[in-house]
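Student: One structure follows; several queries about it will come next.
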Amino acid sequence: MNITRDEAAAALSDIDATTGRLSQQRSYHISGPILMLWGVVWLVCYSAMGLLPPEQWGWTWLVGDAVGIIGTIALSSRASAPGQGAAGRGMGWRSLLAGLAIAAFIGATLSIFGVQDPNAFMTFPGIVCGAIYFIVGLLHRPRFLVIGTSVFVASLIGFFGFPDILPFWMAGVGGLGLIVGGLWMRSA
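The numbering of the sequence shown is the working numbering, which starts it at 221 and goes up by one.
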């Protein structure tokens, strides 16, 4: 049986499309639990910001971020496919470095600009994370586009529309939003 050049090209194109869909599905399957973990971190830490004096916010987030980073590494490492070897295990370290870079950026920016308004201090991480998820979605994974846009817009709505309850707003729309987004990722 002979196949034409066009038939071979079509078959290779189908294989490439299937491989891309499987890669995207696997990425969503791995990302889902990580988003849910960070949703819980946001829910707990932002709720604590609404209940605790500002002097204790930093410690709350230090513990929350440590739990989130360690959990992200564990979930990434556990999810690496058998046979991926160092490449699969390296994803956990890349996640750690990305998380540290984002935390350093947020901390440096808040320090440089000397944010006096606690609501600006609370909102900034939400808009940064929303923008990062948006960019990831734009470049690679469309579901991140929806999640990033939602987190970004919801953070701004809370800042401008609900300043008196902002920490609880951020806990609700940010934390619960990431949990729902993670469940949506897992369903892909």
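Idealized CB from N, CA, C, for every residue including glycine.
For residue 222, which of helix, strand or coil comes out of DSSP?
Tutor: coil
Student: Residue 252 and residue 402: beta carbons closer than 7 Å?
Tutor: Cβ distance < 7 Å, so residue 252 and residue 402 count as in contact.
Student: Please classify residue 279: is it buried, with 16 or more other beta-carbons within 10 angstroms of its beta-carbon, or exposed?
Tutor: exposed
Student: In chain order, what residues of the same chain have a beta carbon less than 6 Å from the beta carbon of residue 267, not counting five sequence neighbours either side?
Tutor: 391
Student: Just verifying my parser: in three-state terms, what is the DSSP assignment at residue 317?
Tutor: Helix at residue 317.
Student: So with Cβ pairs under 7 Å, would you call residue 250 a contact of chain D?
Tutor: Absence of chain D from the displayed structure is noted, only one protein chain being present.
Student: State the DSSP-derived secondary structure class of residue 334, mapped to helix, strand or coil.
Tutor: coil
Student: Which residue comes first and which comes last in the alpha helix (DSSP H) that contains residue 374?
Tutor: 362 to 381
Student: Give me the Cβ distance between residue 408 and residue 363, rounded to the nearest whole Å; I'm assuming they're in contact under 8 Å.
Tutor: 7 Å
Student: Can you tell which of 380, 359 and 265 has the C-alpha that lies nearest to the C-alpha of residue 339?
Tutor: 380
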